[in-house]
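J.: In the working numbering, the protein residues as written are 36 to 138.
C-beta atoms are modelled at their ideal positions from N, C-alpha and C, and glycine is treated no differently.
These numbers were taken from a predicted model, which means no experiment stands behind them.
Structure below; questions to follow.
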Amino acid sequence: QLQAEEYDLMAAAADLDKIEEVNANCILMANLQQASTSDTQTNSAPVYDTDGSAENLAIEVEKVNSVNRKLKETNADMTTELVRFQNQERCFEISQEKYDKLE
Numbered sequence: 036q037l038q039a040e041e042y043d044l045m046a047a048a049a050d051l052d053k054i055e056e057v058n059a060n061c062i063l064m065a066n067l068q069q070a071s072t073s074d075t076q077t078n079s080a081p082v083y084d085t086d087g088s089a090e091n092l093a094i095e096v097e098k099v100n101s102v103n104r105k106l107k108e109t110n111a112d113m114t115t116e117l118v119r120f121q122n123q124e125r126c127f128e129i130s131q132e133k134y135d136k137l138e
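See below:
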């Protein structure tokens, strides 16, 4: 059971890495969208978000952030469980050593 918990923890960590990468990409895209519509363009016509892509991107970023928060919570919970199982395993080993000495 301990190995299964460790595998779950590693899988959650891998998922967290993927989510953080997607999150970073969404932030980059949002920054690029903002830069393309900012006042830094001097001799060109204004750019309008006629298809709502900036709003859609903001919604997607919030979804990714929400998943990211949930994964971090799950990661913390699983880390706590893993420590608890490791402590139980160590107690069992100590008990087994004491029992073996009695024989």
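May I ask you to verify whether the region 36 to 55 touches the region 95 to 106, counting CB pairs closer than 8 Å and requiring at least 3?
T.: Short answer: they touch.
J.: Leaving aside the five residues before and after D50 along the sequence, list all residues of the same chain whose C-beta is less than 7 Å from its C-beta, in chain order.
T.: Closer than 7 Å at Cβ, skipping near neighbours: L106.
J.: State the Cα-Cα distance for the pair C126 and L117, rounded to the nearest angstrom.
T.: One C-alpha to the other measures close to 14 Å.
J.: Look up D86 in the DSSP assignment and say whether it is helix, strand or coil.
T.: If DSSP states are grouped into helix, strand and coil, D86 belongs with coil.
J.: Might you give, ordered along the chain, the residues of its own chain that have their beta carbon closer than 8 Å to the beta carbon of A65, omitting 5 neighbours on each side?
T.: Answer for A65: A89, L92, A93, V96, listed in chain order.
J.: Ignore the nearest five residues each way along the sequence and tell me which others in N103's own chain have a CB closer than 7 Å to its CB.
T.: Around N103: I54, E55, N58.
J.: Have a look at A47 and F120 and give me their C-alpha separation to the nearest angstrom.
T.: Rounded to whole angstroms, A47 to F120 spans 17 Å at the Cα level.
J.: I believe T114 touches L44 by the beta-carbon criterion, under 8 Å. Please report the beta-carbon distance rounded to the nearest angstrom.
T.: Right, the Cβ-Cβ distance comes to about 7 Å (below 8 Å), so this counts as a contact.
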